[in-house]
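Comments concern the structure below.
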Amino acid sequence: MADVQTTNQTILVVGGGMSGVTAALEAAEAGYDVVLVEKNPYLGGRVAQLYEYFPKLCPPNCGLEINFRRMKVNPRIRFFTMAEVGGISGQEGDYDVSIKLSPRYVNEKCTCCGKCAEVCETEIDNPFNYGMDKIKAAYLPHDFAFPTRYVLDPSIVGTEEGEKCRDACVYDAIELDMQPSEFDIKAGAIVWACGWEPYDASKIEYYGFGEYKNVITNVMMERLASKSGPTEGKILRPSDGKEPKNVAFIQCAGSRDENHLPYCSGICCLASMKQASYIRDLYPDAEVTIFFIDIRALDRLEDFYNKIKEDDKVTFIKSKIAMITQDDETGNLLLEGENTNSGEQIRTDFDMVVLATGMVPNKVALDVAPDVSMDEYGFLMNDPNKPGFYGAGCTRRPTDVASCVQDATASSLKAIQSIARR
Numbered sequence: 001m002a003d004v005q006t007t008n009q010t011i012l013v014v015g016g017g018m019s020g021v022t023a024a025l026e027a028a029e030a031g032y033d034v035v036l037v038e039k040n041p042y043l044g045g046r047v048a049q050l051y052e053y054f055p056k057l058c059p060p061n062c063g064l065e066i067n068f069r070r071m072k073v074n075p076r077i078r079f080f081t082m083a084e085v086g087g088i089s090g091q092e093g094d095y096d097v098s099i100k101l102s103p104r105y106v107n108e109k110c111t112c113c114g115k116c117a118e119v120c121e122t123e124i125d126n127p128f129n130y131g132m133d134k135i136k137a138a139y140l141p142h143d144f145a146f147p148t149r150y151v152l153d154p155s156i157v158g159t160e161e162g163e164k165c166r167d168a169c170v171y172d173a174i175e176l177d178m179q180p181s182e183f184d185i186k187a188g189a190i191v192w193a194c195g196w197e198p199y200d201a202s203k204i205e206y207y208g209f210g211e212y213k214n215v216i217t218n219v220m221m222e223r224l225a226s227k228s229g230p231t232e233g234k235i236l237r238p239s240d241g242k243e244p245k246n247v248a249f250i251q252c253a254g255s256r257d258e259n260h261l262p263y264c265s266g267i268c269c270l271a272s273m274k275q276a277s278y279i280r281d282l283y284p285d286a287e288v289t290i291f292f293i294d295i296r297a298l299d300r301l302e303d304f305y306n307k308i309k310e311d312d313k314v315t316f317i318k319s320k321i322a323m324i325t326q327d328d329e330t331g332n333l334l335l336e337g338e339n340t341n342s343g344e345q346i347r348t349d350f351d352m353v354v355l356a357t358g359m360v361p362n363k364v365a366l367d368v369a370p371d372v373s374m375d376e377y378g379f380l381m382n383d384p385n386k387p388g389f390y391g392a393g394c395t396r397r398p399t400d401v402a403s404c405v406q407d408a409t410a411s412s413l414k415a416i417q418s419i420a421r422r
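Below, the structure is given as structure tokens:
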């Protein structure tokens, strides 16, 4: 890998989700050179995995496509996928950064003809669909992937099957001898936009995630609803492929709990209401129950809450469900808890349960890292006494897509100010 020529007038953006792409575009369109690094083989982050945004319930692809077009025509942005920061040293105006590249085994000659996938027999869990289905080990990450280029899973590199994939490519796009590489850059400012991870629902033992197939998480529901998801947009029970007639959403699954996530992620209530609308639109006779502690739907989003409440087949019950058990014969799930308003005990069966898990920030966890400020939960704080390194989006606080865009714009401007001060 040849050195990437940069200067202390360059802005490094770490993370290629909506926040990172926004920050990179704002800086580049203001006339600054930007290097964007993303660990996945595509840009778009978790937004690319959503089926719809709330409250308008429109698909994310339109907004992503506009941003990708802006990136394509802007020569000031250089982006690297399957790339991670190895270390950061220095200070505002003079950072030295090492970047690690993982091999994709497919070069820029790829036309996405799919011939490599046709001859590939090995299948792997599909990470884009949270492991709910399988894909070939030679694959395009998803239908809307940018860059539009295939990836070879390392499991077939060095095997006869890898050679079959290489031989099937008439464009010489497959390079089985690609190796991990590193390069160094200089930057005057850094925007950390590494996003978030869903809280590990298997840690909430009393809900049975991982043990009971029909207990899924909110991020999994997004993929089930998508036409490009594991069930082609049909929301089906994982255990038997049947249409669910009675679905429960459990809010604050692990959140606002000192044993798990002590904080509220803010968006989970709206996400569950949005997903309730997926079910109701698809199955007009299906019933949905949302078990909640408090509903967080502030300002303009209260209208969306009221709209969902008007549906007579959507029921809101104030309760912290205490336990889920499964009927092994039917796969149905028994929820037990207490109705906080009435004091009545809850013992109700459901076909499927969706856990609204919280957002865990991706921290600055490097062997060589700058001195940054974080709050007690690990969210990055933009400390005025430590300029030059700025968080953006969900690395700073749990928030929705629109707020991430606004925050990323602000962080980009702060990075520009860092350079302008030098």
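Counting from 1, one number per residue, gives the positions in the sequence shown under the numbering used here. Don't be surprised by glycine CBs; every beta carbon is placed ideally from N, CA and C. These numbers come from a predicted model, not from an experiment.
Residue range Asn61 to Lys72 is occupied by the alpha helix (DSSP H) that includes Met71, with no beta strand (DSSP E) assigned at that position. DSSP lists Glu287 as the bridge partner or partners of Asn246. For Lys309, the enclosing alpha helix (DSSP H) covers residues Leu301 to Lys309. Secondary structure note for Ala356: it is in no alpha helix (DSSP H), and the uninterrupted beta strand (DSSP E) holding it is Met352 to Thr357. Distance from the CA of Val37 to the CA of Ala83, rounded to the nearest whole angstrom, comes to 6 Å. Taken through DSSP and simplified to helix, strand or coil, Asp257 comes out as coil.
Here DSSP, grouped into helix, strand and coil, assigns Val191 to strand. The Cβ neighbour count for Met323, taken over all protein chains shown within 10 Å, is under 16; the residue is labelled exposed. A direct Cα-Cα distance of roughly 22 Å separates Gln406 from Pro198. Scanning its chain for C-beta atoms nearer than 6 Å, with the 5 sequence neighbours on each side dropped, one finds around Gly393 the residues Ser19, Ala193, Cys404, Asp407 and Ala408, in chain order. Of the other Cβ atoms in all chains shown, fewer than 16 fall within 10 Å of the Cβ of Pro262; this residue is therefore exposed. Distance from the CA atom of Asp177 to the CA atom of Lys164, rounded to whole angstroms, is 14 Å.
Here Val35 is actually not in contact with Phe183; their C-beta atoms are around 10 Å apart, not less than 8 Å.
Taking Gly90 as the centre and dropping the five residues before and after it, the same chain places the C-beta of Asp96 closer than 6 Å to its C-beta, in chain order. As the crow flies, the alpha-carbon of Val401 is around 11 Å from that of Leu50.
Secondary structure note for Lys115: its alpha helix (DSSP H) is the uninterrupted segment Lys115 to Val119.
Annotation for Glu338: the continuous beta strand (DSSP E) segment containing it runs Leu333 to Glu338. Counting only runs that start and end inside the segment 18-43, the alpha helix (DSSP H) elements of at least 4 residues fall at 18-29. When the Cα atoms are used, Gly210 and Thr357 turn out to be separated by approximately 14 Å. Apart from the 5 residues on each side of it in sequence, Val247 sits with its Cβ closer than 7 Å to the Cβ of Ile279, Ala286, Val288, Phe350, Asp351, Met352 and Val354 in its chain, given in chain order.
Ranking Gly93, Gly158, Val106 and Asp200 by CA distance to the CA of Tyr139 puts Val106 first. Per the Cβ contact rule, the segment 47-62 is in contact with the segment 213-228 (3 or more Cβ pairs under 8 Å).
Under the 8 Å Cβ criterion, the segment 367-376 does not count as touching the segment 330-340, having fewer than three qualifying pairs.
Close CB contacts of Phe68 within its chain, under the 6 Å cut and outside five residues either way in sequence, are with Phe146 (chain order). Between Ile293 and Lys320, the C-beta gap is smaller than 8 Å, which places the two residues in contact. Counting only unbroken stretches of 4 or more residues, the alpha helix (DSSP H) elements lying wholly within the segment 171-247 are 218-225, in sequence order. Here Phe291 is not near Ile308, since their CB atoms are 8 Å or more apart. The criterion of a C-beta distance shorter than 8 Å is not satisfied by Gln345 and Gly208. Relative to the Cα of Thr399, the nearest Cα in the group Asp299, Cys268, Asp383 and Asn382 belongs to Cys268. Look at Met381 here: in three-state DSSP terms it is strand. Taking Lys136 as reference, the option from Thr395, Tyr130, Asp143 and Cys116 with the minimal CA-CA separation is Cys116.
If you draw a 10 Å sphere on the C-beta of Pro361, you find 16 or more other C-beta atoms in it, and that means buried.
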